[in-house]
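Protein sequence lines, in the order shown, are assigned to chains A and B. For the first sequence, UniProt numbering gives the first residue as 1, with consecutive numbering after it. For the second sequence, UniProt numbering gives the first residue as 1, with consecutive numbering after it.
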Amino acid sequence: MREILHPFRQKETLLQMGVCALVFIGMAVPFKVMVLIEGLTEVRPVNAVPVVAGLLFGPAGAWGCAAGNLIADLFGTFSKGSVLGFIGNFLAAYLPYKLWHFLKKGEAPNAKSHVNIVIYVLISAAGAMATAVIIACGLDVFLGVWSRQLFTIVCLNDFLFPLFLGLPVLIVLTCDDNKVSAFMPPARADAPVLRGVALALSVTMALGITVMVYWGLSMSGSLLMFACGAVFLLSLAGVILL
Amino acid sequence: MTKTESNIILFSITLCWASSYIFIKNLPPELSAFAYLTMTAGLASIILLIVFFKRLRDFNSKILLRSAAMAAILCVNLIFEKMGIAAIPASTASFIASLNIVIVPLLLLFFRKRPSRNNLLGILIILSGLALSSGVKPGQPLEAGMLYMLSACFLMAVYIICTDRFTKDHDPLLLGVGQMFFTAILSFILWSLQEPKTFLLVNYSNTLLANIFMLAFFSKAYAYIMLMYSQKYASPLSVTVIASTEPIVTMVLAVLIPGTFGVNESFTIIKLAGAVLIAAGAVCAGTDFLNKKEEKPLAGNSASL
């Protein structure tokens, strides 16, 4: 929990949050015209930002993207669902950051080896699924709006753009000419197993829910899926609090 | 930057340029090529100036001169391309435009950089793929339009090689920003020569502004800055080979987003065969299975990918 609130305590991280929010708004607003589902979503190249921002700036990047998304929503798609958008975009940045440092302990995010590129692809996919579960299933459970199409669009927006736009940006930002120093999580010895379990469980649940969505289930209509959603939220709380 | 990293960047640029047709299609037909270039390059310059404001103090006369040269080459390339497209069928123009895959290795010979066997075989395969996918017919008489397109293609090859040489000695970011700035100025001069009222004649709408912004952001600001970075580490041949996969990307986008490229875009077996050949050629040119049998070339004497 201390890590997640860390950006609000330093001037430098607050500045990083502001930069991420500005970049997010600048990229999100012009694409509001490319509507895919009226009032809910559009083609969003801006979704390339959270994964890179999360990997490079950690929690500051995640807060910046969440705030940026909320402000960008004011330009035409602001609704009760914007709260879910805030959480979803926070997660789209924070989960890849946590997963990277769980899988590559002590190594700053980079794409200099094939293994690292594969890890980047996998954590982008995990982040995309988690965001889709939060936004699409959240709309279903809390606001009674279910759309499998929305789930697919959120998933694709959050996976393809980080892959085709985010990865090249990460490569340039971490190349010898720029060497942007990534935020590294503080070394902690307490509860490493629990943190790993929470992370693994959240990714597994997101994957399970995605499979169930394409099986034809919805969270408000299936007890099993609802239970998976509850475990997913609990494990996410574990990822954030532990 | 590793070879894989620079290839990933080059592919993302190809993707940006291929998908830019989605936005170009939404522009009003009366908007001239120079107006389009002025507005997109101008907006891209503003974006880059804001984002990299702190780096502007690093500009010096050498970087400015090289940026201006690159912008001039791009603008003259556009003039020839415009004249060529107006004079010959789109399929022929598209095929000739892709011939820089041959011109770049030829020009590289002047710098004593010879292509490897894999490069040569790959180029041949890509060329046949391009011929298939563009639908060009052999035996067409040489027309003025073809010469214009060939000149445009030659200038693009010169641009690729110039970028390669300049980025090795100078900051790629500053070169990219400077080039965009000079492109905006030069294209504005050309636009004002063509139509003195310039900005006053444009019918502004939200759709136009949104599309111009997207093109400025992705196909100009993002693509050219990334190109500068990747060319610092990649050879000009890599750039040409990966850029030659653009028809495949366009075809995939056309299938994924129906109607994106207009009603005339049809998906045929011949086009698919062309795409397969281009992909196979790119893989062939990017690997070195034939080179292993060769004697090891002297350092700096080969332009392998």
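C-beta atoms are modelled at their ideal positions from N, C-alpha and C, and glycine is treated no differently.
At least 7 Å separates the beta-carbon of residue 128 (chain A) from that of residue 90 (chain A). Three or more Cβ pairs closer than 8 Å define a contact, and the segment 216-225 of chain B falls short of that threshold against the segment 222-234 of chain A.
Excluding five sequence positions before and after residue 58 (chain B), the CB atoms of its chain that fall closer than 7 Å to its own CB belong to 171, 174, given in chain order.
Counting only runs of 4 or more residues that sit fully inside the segment 136-198 of chain A, the alpha helix (DSSP H) segments are 138-143, 148-161, 167-173, in chain order. Residue 110 (chain A) and residue 9 (chain A) have their C-alpha atoms spaced approximately 27 Å apart. In this structure the segment 77-88 of chain B does not lie against the segment 225-234 of chain B, because fewer than three pairs of beta carbons, one per stretch, are closer than 8 Å.
In the structure shown, residue 41 (chain A) falls within a strand segment according to DSSP collapsed to helix, strand and coil.
Between the alpha carbons of residue 119 (chain B) and residue 102 (chain A) lies a distance of about 41 Å. A direct Cα-Cα distance of roughly 19 Å separates residue 240 (chain B) from residue 75 (chain B). Residue 211 (chain B) and residue 53 (chain B) do not touch by the CB rule: their CB atoms are close to 26 Å apart, not below 8 Å. For the C-beta of residue 229 (chain B), the chain A residues within less than 8 Å are, from N- to C-terminus, 172, 175, 177. A buried status is given to residue 21 (chain A), since no fewer than 16 other beta-carbon atoms sit within 10 Å of its beta-carbon. Between the alpha carbons of residue 108 (chain A) and residue 270 (chain B) lies a distance of about 46 Å.
DSSP places residue 38 (chain B) inside the alpha helix (DSSP H), whose first and last residues are 33-51. Within the same chain, Cβ atoms closer than 6 Å to the Cβ of residue 135 (chain A) are found at 84, 88, 154, the five residues on either side in sequence being excluded. As summarised for the segment 142-179 of chain B, there are no continuous beta strand (DSSP E) elements at least 3 residues long confined to that stretch. Its chain contains 140, 146 as the residues whose beta carbon lies nearer than 6 Å to that of residue 218 (chain A), once the 5 sequence neighbours on both sides are disregarded; these appear in chain order.
Considering only beta carbons, the part of the UniProt domain "EamA" (145-284) of chain B lying closer than 9 Å to chain A consists of 171, 172, 173, 206, 207, 209, 210, 211, 213, 214, 217, 218, 222, 225, 226, 229, 230, 232, 233, in chain order. In this structure, the CA atom of residue 68 (chain A) is about 14 Å from the CA atom of residue 31 (chain A). Here residue 241 (chain A) is exposed: its Cβ has fewer than 16 other Cβ atoms, across all protein chains shown, within 10 Å. The C-beta of residue 289 (chain B) has fewer than 16 other C-beta atoms within 10 Å across all chains shown, which makes the residue exposed. Taking 7 Å as the threshold, the shortest C-beta distance from residue 111 (chain A) to chain B falls below it. Contact between the segment 145-161 of chain B and the segment 18-33 of chain B is not established, with fewer than three Cβ pairs separated by less than 8 Å.
Residue 253 (chain B) sits in a helix when the DSSP states are folded into three classes. Secondary structure note for residue 50 (chain A): its alpha helix (DSSP H) is the uninterrupted segment 48-57. Distance from the Cα of residue 18 (chain B) is smallest, within the candidate group B:247, B:213, B:277, for B:247. Contact of residue 78 (chain A) with chain B by beta-carbon distance below 9 Å is absent, the smallest such distance being about 18 Å. For the C-beta of residue 20 (chain B), not a single chain A residue is nearer than 9 Å; the gap to the nearest is close to 12 Å.
Among the CB atoms of chain B, one or more fall inside 7 Å of the CB of residue 164 (chain A).
Look at the beta carbons and you see the segment 211-225 of chain A not touching the segment 73-83 of chain A: under three pairs across the two are nearer than 8 Å.
Neighbourhood of residue 167 (chain A) in chain B, by CB distance below 8 Å: 8, 12, in chain order. For residue 16 (chain A), the enclosing alpha helix (DSSP H) starts and ends at 11-28. In the DSSP annotation of this structure, the continuous segment of the alpha helix (DSSP H) that includes residue 7 (chain B) starts and ends at 3-25. Per DSSP, reduced to three states, the secondary structure at residue 36 (chain A) is strand.
Here DSSP, grouped into helix, strand and coil, assigns residue 77 (chain A) to coil.
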